[in-house]
Each structure stands twice: as C-alpha cells, then as structure tokens.
Amino acid sequence: MKELAKTYDPSGIEDRLYQKWLDKKYFHAEVDESKKPFTIVIPPPNITGQLHMGHALDNTMQDILIRFKRMQGYNALWQPGTDHASIATEVKIIEKLKEEGISKEDLGREGFLERAWAWRKEYGGRIVSQLKKLGSSCDWDRERFTMDEGCNKAVNEVFVKMHEKGYIYKGSRIINWCPVCNTSISDAEVEYEEQAGHFWHIKYPILNDDDTESGEYLIFATTRPETMLGDTAVAVHPEDDRYKHLIGKNLMLPLMNRKIPVVADEYVDREFGTGVVKITPGHDPNDFEVGKRHDLPIVNILNDDATINANGCKYEGMDRYEARKAIVKELEEMGLLVKIEDHVHNVGTHDRCGTTVEPLVKAQWFVKMDELIKPAREAVKNGDIRLVPESLQKTYFNWTDNIRDWCISRQLWWGHRIPAYYCAKCGETVVAKTAPDKCPKCGCEKMDQDPDTLDTWFSSALWPFSTLGWPEQTPELKYFYPTDVLVTGYDIIFFWVIRMIFSGYEQMGEKPFHTVLFHGLVRDAQGRKMSKSLGNGIDPLEIIAQYGADALRLTLVTGNAPGNDMRFYYEKVEANRNFANKIWNASRFIMMNMEKAPVKPDDADLKPADKWIISKANSLIKDVTENMEKYELGVAVQKVYDFIWDEFCDWYIEMVKPRLYQKDDEKDRNAALYTLKSVLIDALKLLHPYMPFVTEEIFCNLQDEEESIMISSWPVYDEARSFPAEENAIETIKEAIRGIRNARTGMNVPPSRKAQVIVVSDMAEKREIFNNNIDFFKSLAYASEVHVQEDKSGVADDAVSVVIAHVNIYMPLGELVDIAKELERLKKEEERLEGELKRVNGMLSNEKFVSKAPEAKIAEEKAKLEKYSRMMEQVKEQIQNLSK
RNA sequence: GGGAUCAUAGCUCAGCUGGGAUGAGCGUCUGCUUGACGUGCAGAAGGUCACAGGUUCGAACCCUGUUGGUCCCACCA
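Take the first sequence: its position 303, counting from 1, is numbered 301 in my numbering, and each next residue is one higher.
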C-alpha cells in the first residue's frame, strides 16, 4: 500500500491531476444518443479579464453541477469560451496605443483591428488558464470566442433575419452617449449615481405679441443650465391657472436670442418647483417626448466629446462644464439668475468608465422589443424557465414589463460590424449577410458598410446556440440544445439572461435553458464590494497558491443561500483547508492499516458500528443528491462535511480502532477495513464535485485499479443498506459515552485515569446493545473494565452516575468524587429534565393539541414523556443516595 | 416614488417552505504528546431568533405594521 504525506499539500498535486484529466479527455463530450445530455454554457469571461472572486464563484458552481451530472451518467458538456467585450477591450487597446503615442485614428480601422487581434492572441488566453487553476472541467476542445467566424455568422444571420421581420430598425432617437468612449450605449449600461449638484433658478423674459419684452418672466429651475442653448420651448401644465394665459405666447431665450414658445403638456408636474419646465428635446429623454408631441425643433448643442458645437454660438468649443459656468455667470450679469440651491440628484454614468453620459439624438440601430419580449416573459411566468432563487422573478418581470427598445449600434471598431451597406450615390440601405456588389436601386457599385459595430451583448445573447454551431444544423445543436442550467450573477440578469431567453425563443423557437441559477456578489470581510479603486480585491489565484483550489471552492459555496451576497474570510478558507487535511489524514490512517485490499464481507460479518456508518452514509447519499438536484449546493456539501468530520472521523474511526489493532480475528478486521474504505469512497464521491483535487488524489491512492474519481459513478441510495436498528443502538452508545466524558470532565478526571464502568438496565435489549459494542465502548468511555448488569448490585452509593434513557451508568471514581460537586451536577440534570417534562406535559395536557396535532407528533411526544419521566426517577434516586 | 432582500451565539452566516435552537465555522474558556491529523481530540460558556400585533393546538419560519441595513428599478425639470 502507498503511503501518504502527513499533511495535505495541494501545490503540485493540483496541476498534475488537472493535466491528467486533460490528457485522458475526461472533460470532452461527444454527441452520443445513447446517453442523456447535460449542458452548461459558460458565461464567457472578457478577454481583458483577470480571474476575480466573482468568476471563481460562478465557475465553481458550474463545475460542481457538471461534475455531479457527469458522475450521474449524463453526457455532460460544459461549453467554454470568451467574450470580445467590445468597449472594455477597445479602451484597453487605446490606452496601450496612447503609451506608444499613437491614437486609433492614426492606425486606421484596419490597423487598429490588427492590433486588437494581436492583443487578443496575447492576453485572451490568460483568463482561460486561470479557470483551469480552479479545476474547471470545461470541454476546452470546444472553446469558442464571441467574435470567431461561427459567432460572426450567427450574428449576421440574426441581424438580417430580424431586420427583415422589422425587429431591427435604424432611427434617430435620443440615446445615451459616452463622451469619453465616444459611443452610444444602451439603457442597461447607464448606472445612476447620487451626486451633489445645484439647482439653478433661472428666468426667461416673456414676449408680447409684437416680440417686445413684456417685462414679465417665467421662472424655473434646472440642474444642467448649459442645456439651455438647446432649449426650444418652455412647458407648463395645461390646467395650471398660474400660467394658462401664457400658453402659446413666446419667450426670449437669453444668450441665444431665440424666440421659443410656451407649450402646455401634461408631463409637467404643477406641484414641483414653479411648475415650469424648460424643454431641450435634443438632450433630455422626457423633453424629447414633449418635443415630439409639440413638433418642436431639436437642437443638438454637443459635439461627440461633449464640447459645445456650432449651435452653441459663442460657447462653441467649450467643455460642457466650462460652458455651464460661463452661462451661469452671464445669466447672473443679465439679472436672469434668480438663485442657486444645493441639490443632490442622480446622474447617469457609463458603467465602464464612470463618465457622465449625455443624452443626445443620433441615428442608431435598435431592436424593437415589445413583441420579442413576450415569449421570454411567458416562459418564466409559466415555469418553462425556472429562476433560482424565485424571488428574482420580480426583478425579471419589472424589466420585461417596462422594456424599451435596445440600442445596439456602437461607434467602436472592435466588435461585429453591422451588416448594413449604404449606396454612395443614392443612399439606399441594404442589409445583407454578405456585402452587395452594387446598389439594387441605382446600380452604383460603391456600397459602404455601416462603420458601427454591435453591442457586445448582441453576440452574447446568441451564445447558447451559436457555440453549438448555429446557424448550421449541427449534431451538437440538435443534441445539446436547449442547454440545462445557466449559472450567473444577478447583476447581469438584464444585460444577458433576458436577452439570451428572447433570442433563444426567436431564433431556435425554444428556450436556451430550463433553469437559471443565480449567485450573489463576493464581498470583502467588511461587506464591501471588491473593487479596483478600493484595492480590497482578493486574488483567487493567490488563495489557490496558498490554500489550494479545493479550499477556495468550498469556501465560495458554503454558508450561503442562492442569490445572496457573501463575505470572504481568510479564516474560512483556512478552515476548509483544514478539512482537506482532515480527509487526507483519515485516508492516510486507513491506508496505514491496509496491508492489502480488503474483500467485501457478508452482512452477517458486519458489526453494529459498521452497519451504523453504512446506514448513515446511505441516507447521506440520498440527502446530498436531493439537495444538489434542488441546487442547494451549500446545504449539500455541509452535510458531507459533517458526515466526514463528525460521524466518520470522530466516531467511526475511533470505534473501529480496537478491531484494527488486534490480529486474532482477521475476518472482523477485514470487515472493519472494508467498511472504512467503502464508506470513505462514497463520501469522497459526494465531495468530488466540490473538492475535485483532494478527492481524486486520495481515490487513486486508496485503490490502485481505479483510474479516476471524476468518471466513477455517483453513489445511489440503496434500501438494503439502511439499518435503523443499528443506527439506534449506536446512538445509544454515543449518548452514554458523551455522558461519561462529560461527567469525567466535570470531576476533572484525566483521560489517562481509567475507571470501572457499570452499565445497569432492566431492559434486556439495552443490555444487549452495550454487550454487543463493548469493544469500543470500553476505550471511548475510558473504562478499565465494563460490567453490564440488570440491577445495581455491587455499585457503591457514591459512584458517579450518568443517566440516559432506561440506562444508568456508574463509575466508582473513589477519592476523585466530590459529593457536593456531583450533587450539583445531578441537580442541574434534574432541572433540565424538569424543563423537558414541563414542555412535554404542557403539550400533551393541551386538549386542542391532542385533538388537532398529527398522530405521529403526539406519539413522539408521548414517547418523550415516558423517557424523561424514567430519567427523572433515576436522577432523583441518585440524588437521594448521595444525600444520605 | 415602486420593488426586492436582510435582521438568529462575540463575528460571519445556515436553518430543508410551521412541531423542542443537541445549528455551523471562526473567536473565547478548560483539559489532552489517546500508535491519521495540534491544520488535531474531548469538554464548556454564549441566543427572550430586530420590535409590535395577528393566524394556529403550536411561529425564527405564514400575515400585517414598525424600526434599521443593503440592493435593484424609475427619476420631477
């Protein structure tokens, strides 16, 4: 038999085992109609990314499910890949170019894309190798990239198809503009942030019908005074008596000397401020709507970099905030500034770069959402797609029910280029999968492709089927689609989950997956988000290096309910590392005692302790499997942890030691060894999805013939392996041992001091239990000798006594017994029992309880009443004895 | 403004959809070189399950309200 090191050292072992799994192709799945598929598509990490705790959690959960299902016999495919992450990557590359002193314009589109692909080649694999460190059993042979040829084909196919159906259109609408990234972004990418700002109260002069100033003013407040350059009206509520008479009149827009009308619109809230709103249709989504209703002109005052453009006249060229200052100052000089108030308001920022976004009107491509969203909503409503935890349904519906059209065009170069072509001569637009050679309208041969690219999420939305080969009807697509579970953070439910769902229904006519398993955020020990700016991020790779991937994985999935955020503690990782070491040593112990492989014993040769642990393991298998099927990953592994540490190590191994250390009964020793080994193996299997490395290393060392735990079969509950009688018997012994240890500690008796133990019970079956298990009872109860008898004969009055149900245990400890102390201990026990009896009696004497509670419950309480009454009698008797 | 979620041992959290809180890890205290493990073993202390009502024979769990925290959405200029 092999020998193991004294402590488990994951370094070295992990890489070796991962390489072995790769070499043996265990992660690879092929279409096989004889097996049921189980598929997970990875949320593709950005190629710019570095593995962070969020990835670690997300991928650990997926790996657990995949390994679990693979062992259950499913044809498990974990489809991996990475995301081109258009903005994130483009920004990174621009930064790098900047260091070299060049801009992307210097390079030109083609040159820039060359650099981008080179960058991807160099860094895109980094995150993948980090995922491997974690133990992820992805099918790397099938690795995909959201911008590879196949995905591009899928994107073009969808774009053209949806355009034909009228779901994709180009339109001039108000969109969110990031002046730093120089692109439009979708609503989902805008993050609102509370900022301290001001309310500038401003007044515009009212004009007479002959355009002379009337001397009257309309006063209103604004948080963005610079937008006044683009004002094309002022609005009041139609029913507002204060201003009714002014509707239809004109105002003079100061600084610009433009005549603008007073319009009436229900959008205005009479209660808010002065009940007057300036209308800037070019730079505010609400004003844009008002403008449409009143046919107001749209004046765009901003350049793409958020400086004022020619429409801002003399402010042209100024930055938006400079212009703000200048305008306020000038208004003040003109006497048009009424007052300034401090005001905290929500400012929209770009989630990638934090820049304040500017709403402005531009021609962009959109996806029309109202029809597309219907099946996606319905699927969750009718349970076709299950969200775990269920509470996220509300969030989901909140989005589907308030959905707005999705702005999908981006003014970026890195991404899928929009397959739209414009005739250079007549302006005709052609949307097609391949570039047309001439204009279908005028025959002109110069067709220019739209310079814009698509939102990254447009290609991610197709991920569950594009990775399986769509639009080709591949065998993989037929076999693995729909996939099974999607695991992701609740923070991208809008970006990604919803979009995959409606895309799945639209393109495939079928849901992309039946379950979405959400997890929360991994926070730091203080509960703060891990972020670069705070510098509180913990690098999973460092944790792996220090404690091992298994410890990290276990830390991430325990003590946490689905969808909830969790805090990361080093202490927790350490505790889990210790657990790995514990199993390691338990295995080491077994191996040390195993000269040769034990053979399967007959049930008749098993001792009660063996049957007890087998029975326990059997129900563990049932529970853990059930929990895992319900995605209660943390609960499941907690049970395995408790079983291994408490039941198996602290009890069973200790129970079995006397049998291992004797050489007279080889058959019995074999039975013990076999039980040790087989129960351990079952437990290892249950643990393997969570801690793949230690379990594999032990599994292979424990039995030379088995090649890998990861392709072994998942244990199955077996009625024939359930032994309730032995379970009860051993629990009785455990109770007795705990009582004895407790009493001894109370007396300060050192473990080295053995004592006689006399077990007294008038019930034959109880006596039998002790007689049958005397071998280990003796050692665990620190007994010099054990007597099991029917009555108290020969027991000294001053012996320490332990009372359990129907059994009295006496230890004549002689001079060590402090009568006063012992009496105190017994009194305490008496008090405890009194409490118990009071509770049970209270229930049973309650007529309503007896008449309404279920029968089983009543019987249970009656049994307790009997048990406690009996114990009480015994305790009282002992107190009397000692008080004599 | 709308919604979600949390409040349980000193700390961080579980608690299987109503039946004694023998809860877990960490921390604290007391013993222990017991031939796998001190990354260990055996014990102990520590909780009126945020507060107030209600439903029920019975509530940490269900309902209502209150307080405090976190988050999401919307956004009134």
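Using N, Cα and C, we set each Cβ at its ideal position, and we do this for glycine too.
Would you mind reading off the limits of the beta strand (DSSP E) that contains Asn180? For the purposes of this step, residue 180 is taken as the residue at position 182 of the first sequence. Premise fails: Asn180 is in no beta strand (DSSP E) and is neither H nor E.
Beta-carbon spacing of Arg575, Gly133 below 8 angstroms: The count along the first sequence starts at 1 and reaches residue 575 at position 577. The count along the first sequence starts at 1 and reaches residue 133 at position 135. Their beta carbons are not under 8 angstroms apart, which means Arg575 does not touch Gly133 by this criterion.
From the DSSP output, read off the bridge partner residues of Pro259. Against the first sequence, residue 259 aligns to sequence position 261. Looking at the DSSP assignment, Pro259 forms a beta bridge with Asn248.
Here's a check: name, in chain order, each residue in its chain whose Cβ is nearer than 7 angstroms to the Cβ of Arg497, leaving out the five neighbours to either side. Position 499 of the first sequence, counted from the start, is the residue given in the question as residue 497. So the list reads Trp455, Ala459, once near-sequence residues are dropped.
Roughly how many angstroms separate the alpha carbons of Glu269 and Tyr241, rounded to a whole number? Position 271 of the first sequence, counted from the start, is the residue given in the question as residue 269. Position 243 of the first sequence, counted from the start, is the residue given in the question as residue 241. Whole-angstrom Cα-Cα distance: 13 angstroms.
Cβ-Cβ separation, Trp411 to Glu883 (assumed contact under 8 angstroms), whole Å: The question about residue 883 has no answer, for the chain in this structure spans -1 to 882.
Under a Cβ-count criterion, where at least 16 other Cβ atoms within 10 Å of its own Cβ denotes burial, should Cys421 be classed as buried or exposed? Position 423 of the first sequence, counted from the first residue, corresponds to residue 421. So Cys421 ends up on the buried side.
Ser457 - DSSP class collapsed to helix/strand/coil: Within the first sequence, the letter at position 459 stands for residue 457. Looking at Ser457 - three-state DSSP - the assignment turns out to be helix.
List the DSSP bridge partners of Cys405. Here residue 405 refers to the residue found at position 407 when the first sequence is read from its first residue. Phe364, per the DSSP bridge assignment.
Which residues share a DSSP beta bridge with Glu211? In the first sequence, residue 211 corresponds to position 213, counting from 1. According to DSSP, which records beta bridges pairwise, Glu211 is partnered with Leu205.
Do the stretch 69 to 87 and the stretch 640 to 656 touch if we need at least three Cβ pairs shorter than 8 angstroms? no
Suppose you measure from the CA of Pro599 to the CA of Ser710; what does that come to, to the nearest Å? As a working mapping, residue 599 is identified with position 601 in the first sequence. As a working mapping, residue 710 is identified with position 712 in the first sequence. Distance between the alpha carbons of Pro599 and Ser710: 22 angstroms.
At the level of alpha carbons, what is the spacing between Ile588 and Leu674? On the first sequence, position 590 is the one that residue 588 refers to. On the first sequence, position 676 is the one that residue 674 refers to. Whole-angstrom Cα-Cα distance: 7 angstroms.
Assigned secondary structure, His161 (DSSP; H/G/I helix, E/B strand, else coil): As a working mapping, residue 161 is identified with position 163 in the first sequence. In this structure, His161 counts as helix in the three-state DSSP scheme.
Decide yes or no for the touch test of the stretch 223 to 234 against the stretch 276 to 286: beta carbon pairs closer than 8 angstroms, at least 3 of them. yes
Could you tell me whether the stretch 335 to 355 touches the stretch 141 to 159, using the rule of 3 or more Cβ pairs below 8 angstroms? no
Measuring CA to CA, which of Leu452, Ala615, Val126, Ala308 is closest to Ala718? Taking the first sequence and counting its residues from 1, one reaches residue 718 at position 720. Nearest option by C-alpha distance: Ala615.
Under DSSP, the alpha helix (DSSP H) around Gly487 begins and ends at which residues? Within the first sequence, the letter at position 489 stands for residue 487. Looking at the DSSP string, Gly487 is not in any alpha helix (DSSP H); the run it does join, the beta strand (DSSP E), is 483 to 487.
Between Val798, Lys850, Lys836, Gly840, which has its C-alpha nearest Glu875's C-alpha? Translated into the one-based positions of the first sequence, residue 875 becomes position 877. Among Val798, Lys850, Lys836, Gly840, the Cα nearest to that of Glu875 belongs to Val798.
Would you call the CB atoms of Ile125 and Ile45 closer than 8 angstroms? The sequence position of residue 125 within the first sequence is 127, counting from 1. The sequence position of residue 45 within the first sequence is 47, counting from 1. Their beta carbons are under 8 angstroms apart, which means Ile125 touches Ile45 by this criterion.
Let's see if you can read the secondary structure: which residues bound the alpha helix (DSSP H) around Ile499? Sequence index remark: in the first sequence, residue 499 carries index 501 (1-based). Segment 496 to 501, the alpha helix (DSSP H) holding Ile499.
Between Glu695 and the rest of its own chain, which residues show a CB-CB distance below 7 angstroms, the 5 nearest in sequence each way excluded? Position 697 of the first sequence holds residue 695. Taken in chain order, the residues that qualify are Ile11, Leu15.
With a threshold of 6 angstroms on Cβ separation, who are the neighbours of Phe36 within its own chain once the five nearest residues in sequence on each side are excluded? Position 38 of the first sequence, counting from 1, holds the residue named residue 36. Only Lys67, Tyr72, Ala74, Asp482 meet the Cβ criterion.
Could you pull out every residue in the same chain whose Cβ sits closer than 6 angstroms to the Cβ of Asp796, ignoring the five residues on either side in sequence? The residue you call residue 796 lines up with position 798 of the first sequence. Here the set comprises Val815.
Cβ atoms of Asp382 and Lys509: under 8 angstroms apart, would you say? The residue you call residue 509 lines up with position 511 of the first sequence. The residue you call residue 382 lines up with position 384 of the first sequence. The answer is yes: Cβ separation under 8 angstroms.
Leaving out the 5 sequence neighbours to the left and right, which residues in its chain are closer than 6 angstroms to Ala779 when beta-carbon positions are compared? The count along the first sequence starts at 1 and reaches residue 779 at position 781. So the qualifying residues of the chain are Ile735, Ile738, Val755.
Measuring straight from C-alpha to C-alpha, what distance separates Tyr545 and Val571? Locating residue 545 in the first sequence gives position 547, where the first residue counts as 1. Locating residue 571 in the first sequence gives position 573, where the first residue counts as 1. In a straight line, the C-alpha of Tyr545 is about 7 angstroms away from that of Val571.
What is the rounded straight-line gap between the Cα of Gly315 and the Cα of Asp239? The residue labelled residue 315 in the question sits at position 317 within the first sequence. The residue labelled residue 239 in the question sits at position 241 within the first sequence. Roughly 41 angstroms between the two C-alpha positions.
Closest to Leu618 by CA distance: which of Asp640, Asp601, Lys605 is it? For the purposes of this step, residue 618 is taken as residue 620 along the first sequence, with counting starting at 1. When each option's Cα is compared against that of Leu618, the closest is Asp640.
Buried versus exposed, by CB contacts within 10 Å (16 or more), Trp175: One-based indexing of the first sequence puts residue 175 at position 177. Buried.
Roughly how many whole angstroms lie between the Cα atoms of Pro473 and Trp19? Position 475 of the first sequence holds residue 473. Position 21 of the first sequence holds residue 19. C-alpha separation (whole angstroms): 25 angstroms.
Give the range of the alpha helix (DSSP H) segment to which Met626 is assigned. To locate residue 626, count along the first sequence from 1; it is residue 628. Looking at the DSSP string, the run of the alpha helix (DSSP H) that includes Met626 is 606 to 627.
Going by the beta-carbon positions, is the gap between Ile886 and Leu358 smaller than 8 angstroms? This structure does not reach residue 886, given that the chain is present from -1 up to 882, and the question cannot be answered.
Where does Arg68 fall in DSSP's three states? Translated into the one-based positions of the first sequence, residue 68 becomes position 70. Of the three classes helix, strand and coil, the one that applies to Arg68 here is helix, per DSSP.
Give every residue of the same chain whose Cβ lies closer than 8 angstroms to the Cβ of Cys888, excluding the five residues on either side of it in the sequence, and list them in chain order. No information on residue 888 is available, as it lies outside the stretch -1 to 882 that the chain covers here.
Pick helix, strand or coil for Met653, following the three-state DSSP scheme. Mapped onto the first sequence, residue 653 falls at position 655. Helix.
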